[in-house]
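Heads up: the protein sequence lines correspond to chains S and L, in order. Going by my numbering, the first residue of the first sequence is number 1, and it counts up by one from there. Going by my numbering, the first residue of the second sequence is number 132, and it counts up by one from there. Virtual Cβ for every residue (Gly too), placed ideally from N, Cα, C. Since this is a predicted model, take the numbers as computed values, not measurements. Inspection log for the structure reproduced underneath, given as C-alpha cells.
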Amino acid sequence: MANTPEDLAYTKDHEWIRTKEDLARVGITDYAQKQLGDVVYVELPKPGDRFEATEPFGSVESVKAVSEIYMPITGSVVEVNESLNDSPERINEDPYGDGWLIVVKMENPAQTDGLLTSAEYEDYIKAEAGE
Amino acid sequence: MLKRTALFEAQLALGGRMIDFAGWEMAVQFSGPTQEHMAVRGAAGLFDVSHMGEIEVQGSGALDLLQRLTTNDVGRLQDNQVQYSMLTTPDGGIIDDLLIYRISQEYYLLVVNAANTEKDFNWIKDQGAYTNAEVHNTSAGYVLLALQGPLAERILQDLTDHMLDRIPYYWSQRVMIDGCDCRVSRTGYTGEDGFEIFCGASHARHLWNRLLVTGHPLGLLPCGLAARNTLRLEASFRLWGNDMDETTTPVEAGLGWAVKLGKGDFIGREVIERQKREGVARKLAGFVVEDRAPARDGYPITVDGQEIGVVNSGSPAPYLKKNIGMAYVPVQYAVPGTLVEIGVRGRPVPARIAEMPFYKRGRRFD
Chain S
1 MANTPEDLAY TKDHEWIRTK EDLARVGITD YAQKQLGDVV YVELPKPGDR FEATEPFGSV
61 ESVKAVSEIY MPITGSVVEV NESLNDSPER INEDPYGDGW LIVVKMENPA QTDGLLTSAE
121 YEDYIKAEAG E
Chain L
132 MLKRTALFEA QLALGGRMID FAGWEMAVQF SGPTQEHMAV RGAAGLFDVS HMGEIEVQGS
192 GALDLLQRLT TNDVGRLQDN QVQYSMLTTP DGGIIDDLLI YRISQEYYLL VVNAANTEKD
252 FNWIKDQGAY TNAEVHNTSA GYVLLALQGP LAERILQDLT DHMLDRIPYY WSQRVMIDGC
312 DCRVSRTGYT GEDGFEIFCG ASHARHLWNR LLVTGHPLGL LPCGLAARNT LRLEASFRLW
372 GNDMDETTTP VEAGLGWAVK LGKGDFIGRE VIERQKREGV ARKLAGFVVE DRAPARDGYP
432 ITVDGQEIGV VNSGSPAPYL KKNIGMAYVP VQYAVPGTLV EIGVRGRPVP ARIAEMPFYK
492 RGRRFD
C-alpha cells in the first residue's frame, strides 16, 4: 500500500505539495514512484520559470517510460532539487523527502483548497487501481 | 478481446502488471524492469513468451518451400538444429524474422513474432499452394517459456535427466522436464545463455511453477516484456516493427549474415544480392547517448541541424548503465565514433554512433 502523509495535499496526477506561507514544495507521490519503477532521469524547469496550475513542468523517466509531471498550483519556480541530476533514485527512496522536485512561489495560495486531502487521494488511487 | 496465454492467471497471481501487446494480454513487469533485467544478467529470469506464433511446415516439398521464402539456408540444417532467418518480400523488405527448427527432413517448426503470426501464415500458405507442403498455424497448441541467464542450465538441469550441456547453441531436443514432454532449444532474446521451452498448455502452470521454485534460491525472477526489451536492446537483437519491417532490407538492418546467396533463388534475392554487392544508402546503427537523458523511440537524430534519422529503439540500458539505441542513418554517419545529436523533447543531446552489440556475455570457463 502506498504511503500518503496527512499533512500534504495531492493532485489526481499524483503530485504532492507541502505549503509554508506562499511557498509550496512539490514532488510525486509514493504511489506514483511505485507505478513508475526505478527513476533514471528527471527533467526539471529553471528557477524563475512560471507555470499555470495543471501545466506540465517537467518529466520523470523510468527504464520503460517518460511521465510528465504537472503543476498543482500556479506560480514561479524558486528552487529546483539539483541533487536529482546525479541521484534520480531519491524519488524512489524518499518521494516526500529528499526526492522533492521544486519549490514554487504561489500566486494564489487559496488554489490549494481545490487539491485532494490524503484521505481523498487514497480513495482516488484505490479506485484507479481497481479499474 | 485480448488473447491470454495459459499462464495469464499464474502471472497475475505473482503481481504481474498486464498490458496489451500485439493483441495479447501480457505481463510487462513483475518486481520491476531493472531488477528483472539484472536477474537475467546475473542469475536467471523466466518469461512467458507464448504469444509468439508457431507455424508448422511439413511434407516432401517443405524444404523447397522454405528455401524459396526465407533468406538463410534451410538446407544446411540437421535434425533438431535451429536457424535464425527472415521472410522477405520481392523487394527485399522484411516480412518477419523467425527461428526455423528442423524437426526432420520433411518437418519444420517456425517461430514467428506474435503480431505477424496471421500475416506470415497466410503468406507461407499462399506461396505453398500447389506444392507438396502442408502449412499449419499451430500457435494455439504451444506454450513457450524462455528461461534465460547464466544459471538457466543449472536450474533446468535440476528438473530433467537429459544432459543439457549436450544441447549446443541453436540446437534443440525433445526433453522430459519434471514429467512434461517438452522441446527445449538453447536459444533466446536476451544475450545470455538460456533455453526456450515448448510445452503443451496442460503442463504450462506446473512447469512455470517448478522453474520458479527451483530457481528462486539462485536468484531467478519472473520477468516481463519490459525487461525482455531492454535485454534484447543491450544485446542488439533487432525487434520487428521497431528496427525492421517491410520497408527495410536485411542488408540495411545489418542482418546480412542471415542471408545465404549460395543456396539458390529465394523471394527478394535480386534486391538483397544487389545491395550486398553495391552497398546501401542507410544502415541500422547503434548509438550511446552522452547525457543522462534517455533517447526514446521516435526521437529525431540530427547532424549540423539536419535530420538524418529517428530513433528506432531507444532506452536506458540497466546493465550497461548507459542510454542506448538503434537508428537507421545514412551510411556515411553509420561509423562508430561519429557524433550526432538527438532531440530529447526539443533539447539537442549529444550521442555517439557505437559498435553493436552493446553487450556481449563473457565466455564461460566452467
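It is roughly 39 Å from the alpha-carbon of valine 471 of chain L to the alpha-carbon of isoleucine 17 of chain S.
Along the stretch 34-65 of chain S, going in chain order, the ones with a CB nearer than 8 Å to a CB of chain L are Gly37, Asp38, Val40, Tyr41, Glu43, Ser59, Glu61, Ser62, Val63, Lys64.
Taking CB atoms only, serine 444 of chain L has no neighbour in chain S less than 8 Å away. A straight-line Cα-Cα distance of about 7 Å links valine 475 of chain L and alanine 426 of chain L. The continuous beta strand (DSSP E) containing alanine 416 of chain L extends over residues 413-420. When rounded, the separation of the alpha-carbon atoms in leucine 276 of chain L and glycine 325 of chain L is 11 Å.
Among the bridge pairs identified by DSSP, proline 479 of chain L is matched with L:Gly474.
Annotation for serine 83 of chain S: Arg90, Asp98 place their beta carbon closer than 8 Å to its own, counting only its chain and skipping 5 residues before and after. Nearest CB-CB separation between proline 479 of chain L and chain S: not below the 8 Å threshold. CA-CA distance, leucine 143 of chain L to glutamate 409 of chain L, rounds to 52 Å. For glutamate 15 of chain S, the enclosing beta strand (DSSP E) covers residues 15-20. Listed as beta-bridge partners of glutamine 279 of chain L by DSSP are L:Gly176, L:Gly325. Annotation: serine 67 of chain S to lysine 453 of chain L spans about 20 Å, alpha carbon to alpha carbon. For the C-beta of glycine 163 of chain L, the chain S residues within less than 7 Å are, from N- to C-terminus, Gly37, Asp38. At the C-beta level, glycine 224 of chain L and threonine 318 of chain L stay beyond 8 Å of one another. Three or more beta-carbon pairs separated by less than 8 Å are not found between the stretch 325-341 of chain L and the stretch 253-261 of chain L, which leaves the two stretches without contact.
Judged by their CB atoms, isoleucine 28 of chain S and glutamate 43 of chain S are not nearer to each other than the 8 Å cut-off. Identification of residues in the stretch 64-95 of chain S having a C-beta nearer than 9 Å to some C-beta of chain L yields Lys64, Ala65, Val66, Asn85, Asp86, Pro88, given in sequence order.
Between the alpha carbons of glutamine 111 of chain S and threonine 11 of chain S lies a gap of roughly 12 Å. Chain-order list of chain S residues neighbouring proline 449 of chain L: Asp38, Val40, Val63, by C-beta distance under 9 Å. Within chain S, the residues whose beta carbon sits less than 9 Å from that of alanine 424 of chain L are Tyr41, Glu43, Glu61, listed in sequence order. Separation of the CB atoms of asparagine 3 of chain S and aspartate 38 of chain S is rounded to 18 Å, and the pair is thereby denied contact status at 8 Å. With at least 16 other beta carbons inside 10 angstroms of its own, tyrosine 121 of chain S counts as buried. DSSP places phenylalanine 489 of chain L outside any beta strand (DSSP E), giving it a letter other than H or E.
Per the DSSP secondary-structure output, methionine 106 of chain S pairs in a beta bridge with S:Gly75. Close to chain S, meaning a Cβ-Cβ distance shorter than 9 Å, is no residue of the stretch 315-335 of chain L at all.
Take the alpha-carbon of glycine 395 of chain L and the one of tryptophan 302 of chain L: they are about 24 Å apart.
Using a CB distance cut-off of 8 Å, threonine 269 of chain L does not count as an interface residue toward chain S.
In the assembly as shown, aspartate 374 of chain L is a buried residue. Its beta-carbon has 16 or more other beta-carbons within 10 Å. In the structure shown, proline 95 of chain S adopts coil according to DSSP, grouped into three states. Using a 10 angstroms sphere on the CB of histidine 182 of chain L, the tally of other CB atoms reaches 16 or more, which defines it as buried. Taking a Cβ-Cβ cut-off of 7 Å, alanine 366 of chain L has no neighbours in chain S, whose nearest Cβ is about 16 Å from it. In the same chain as leucine 349 of chain L, and ignoring 5 residues on each side of it, the C-beta atoms closer than 8 Å to its own belong to Ala174, Ala175, Leu282, Arg285, Ile286, in chain order. With a 10 Å radius around the Cβ and a threshold of 16 neighbouring Cβ atoms, methionine 294 of chain L comes out exposed. Residue L:Met169 holds the alpha-carbon nearest to the alpha-carbon of glycine 280 of chain L among L:Arg341, L:Leu230, L:Met169.
Taking the Cα positions, isoleucine 234 of chain L is about 23 Å away from tyrosine 261 of chain L.
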